[in-house]
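Residue numbers (this note's numbering): 63 to 638. Notes to accompany the following structure.
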């Protein structure tokens, strides 16, 4: 445990403007602990065991601008000790056990800009003490036990820009609780117990970022954000939303990001008229069944569109959303992709259409997606798959389309690095260098990791388990190489019983099957000869039984012998 003497010694270190005595198990700051450091500007006392600070411990620190007291054992704000710190700009009191804030706590802190009171035991907003801080710009009261905010709680904080109230127990926000916060730009109400939409936010004309996800709000009325014309980001997810007014997000000309998840009773796409700068739109887990045809005429700045887990049946023409880079439409009820659906999306890189009911894709549906690298149409009902325009793909997922039985051609996917298909044999086209020989001239093949020398071609396919999301992400937009080889991850993997080169995948299997067949053939011949030589009076098999046995043997020879004969016939030609 550091004594007052040790603290005094530390005060004579080389830097007269900053002292860091954090994590030293200090329990008390005695009187005049820093009397020899009059020019100290930053004092760090975090991570100690401080439970008491002498009223005169910090006296004389007229230049102190930063004081960190987080992660200590304080149970009340040391109001008398900090009262005279007129130059203080940043005060950290977070992660203590503060349950009381005396009314005179912040008197004299005329330059304080940042105050941390989060992760304490406050049961209410310290209204009176905060009124002494007209220059405060950032305040965090998160991770406390606050259950409500009264009217005019922050009325004297006209300079406040950031207010964090997340992870409390707030159920009620009085109508005028944010009165006076004319310059507030960021409000964090996430993870509280709010049951009604906070109408009080209409008093925040400068608000740009609003978060109240993780509450119990079920209803967002029309005009909910009419008092927040500068709003840029709204996060509403993890609320049991049953209704969102169709005009709730109209005329928010600066809104860049809108996230609504799990609004299970919402059936209509929100009206976004006048909200023309959206870059990211997420509407998932609703009952929306259609997308407005005017979406891309109104949202030309849209870059990310996530409409997964809805009931969408038909897709509009996305022409106009030329900035779109990612579209997620998985788990809907889409049945077909028309020719012009994705026409004009010159920036689109990622398209997810998995787990729908798609049975038809127009042959030119992807023809003009020049930038696309990732395409997922897995778990649909495809019987054919168009490849026009997909030569730039890095990742393709077709698994789960069990009626898709045709082979893929390697020449259509010259940049492919990850592939999943319904059947193992569909990986065979990407199995070896022969696949690439038709794609490139001899010089180009070398550039793709191949070799012009016979027998030394280094082009290869790696059969692997399904790559993780992180691996898949690393594949996107890049050429993966290992020791000069072009590596393609392909699932399901081929093998001895799912071969590419021969009907039977290895000589061991071939010889074993031939041996069993020949032994069975020999045994049946011996039985037939023995049966013919037997005395007629000893025969107990009727003519009809003999016919059945003969038929059975014929079927056996045909079913076992035909594949073996076919394998032997094609063996010299299999590689071709």
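The beta-carbon is built from N, C-alpha and C at its ideal position, and this holds for glycine as well.
For the alpha helix (DSSP H) that residue 141 lies in, which residues bound it at each end? 141–144
Residue 190, enclosing alpha helix (DSSP H) - first and last residue: Counting along the chain, the alpha helix (DSSP H) containing residue 190 begins and ends at 189–192.
Count the CB pairs spanning the segment 114–132 and the segment 142–155 that are closer than 8 Å, and state whether there are at least three. With the rule of 3 Cβ pairs closer than 8 Å, the segment 114–132 counts as touching the segment 142–155.
On a Cα-Cα basis, can you pick out the residue from 295, 229, 210 that is closest to residue 262? 210
Within its chain, find whatever has a CB closer than 6 Å to the CB of residue 352; leave out the 5 residues flanking it on each side and keep chain order. Within the same chain, no residue comes within 6 Å of residue 352 by CB-CB distance, once the 5 residues on both sides are set aside.
Close beta carbons around residue 231, own chain, < 8 Å, minus the five adjacent residues each side: 207, 208, 209, 254, 255
Just reading off the beta strand (DSSP E) that residue 388 is part of, what are its end residues? 388–390
Span separating the alpha-carbon of residue 190 from that of residue 343: Taking the straight line joining both Cα atoms gives about 41 Å.
For the 8 Å Cβ check, are there 3 or more pairs between the segment 166–173 and the segment 220–240? no
Can you list the beta strand (DSSP E) stretches of 3 or more residues lying completely in the segment 126–167, in chain order? 128–130, 152–154
Here's the rule I'm using: 16 or more other beta-carbon atoms within 10 Å means buried, otherwise exposed. How should residue 110 be labelled? buried
Between residue 161 and residue 184, how many whole angstroms is the CB-CB distance? I'm expecting something under 8 Å. 7 Å
Spatial neighbours of residue 393 within its chain, please: CB distance less than 6 Å, with the 5 preceding and 5 following residues excluded, ordered by chain position. 370, 371, 417
Per the DSSP calculation, residue 210 is bridged to which residue(s)? 234.
Among 389, 264, 304, 285, which has the Cα closest to the Cα of residue 278? 304
Which one of 93, 178, 107 has the shortest CA to CA distance from residue 142? Nearest neighbour of residue 142 by Cα position, chosen from 93, 178, 107, turns out to be 93.
Exposed or buried, which one is residue 99 when buried takes at least 16 other CB atoms within 10 Å? buried
Reference residue 197; option with closest CA among 203, 176, 213: 176
Nearest to residue 485 (by Cα), restricted to the options 382, 292, 476, 469: Looking only at 382, 292, 476, 469, the smallest Cα-Cα distance to residue 485 is reached by 469.
Measuring straight from C-alpha to C-alpha, what distance separates residue 543 and residue 339? Bear in mind that a pLDDT of 41 at residue 543, under 50, signals an unreliable position, so the model cannot answer this.
Go ahead and pull the three-state DSSP assignment for residue 114. strand
Judging by CA-CA distance, which residue of 324, 308, 321 is the nearest neighbour of residue 330? 308
Return the first residue and the last residue of the beta strand (DSSP E) that residue 104 is part of. 104–106
Same chain only: Cβ atoms within 6 Å of residue 335, ignoring 5 sequence neighbours per side: 312
Under 8 Å, do residue 453 and residue 475 count as touching if we go by C-beta distance? Cβ atoms of residue 453 and residue 475: closer than 8 Å.
Measuring alpha carbon to alpha carbon, tell me which of 306, 337, 297, 332 ends up nearest residue 321. 297
Residue 156, buried or exposed, once every other Cβ within 10 Å from all chains shown has been counted against 16: Classification for residue 156: buried.
For residue 537, is the classification buried or exposed, using 16 other Cβ atoms within 10 angstroms of its Cβ as the cut-off for buried? Because residue 537 carries a pLDDT of 45, less than 50, the predicted location of this residue cannot be relied on, and the following value inherits that uncertainty. With 16 or more Cβ atoms within 10 Å of its Cβ, residue 537 is classed as buried.
Limits of the unbroken beta strand (DSSP E) element including residue 271: 271–273
Helix, strand or coil at residue 428 according to DSSP, with G and I counted as helix: coil
By the three-class DSSP mapping on this structure, what secondary structure does residue 261 have? Residue 261: helix per DSSP, three-state reduction.
Rounded C-alpha distance that separates residue 402 from residue 431: Taken atom to atom, the span from the alpha-carbon of residue 402 to that of residue 431 is near 11 Å.
Given this structure, state the Cα-to-Cα distance separating residue 238 from residue 264, to the nearest angstrom. 9 Å
For the beta strand (DSSP E) holding residue 457, just list the boundary residues, first then last. 457–459
Neighbourhood of residue 438 by C-beta distance below 6 Å, restricted to the same chain and skipping five residues each side: Sequence-distant Cβ neighbours of residue 438 in its own chain, meaning closer than 6 Å and more than five residues away, are 414, 416, 459.
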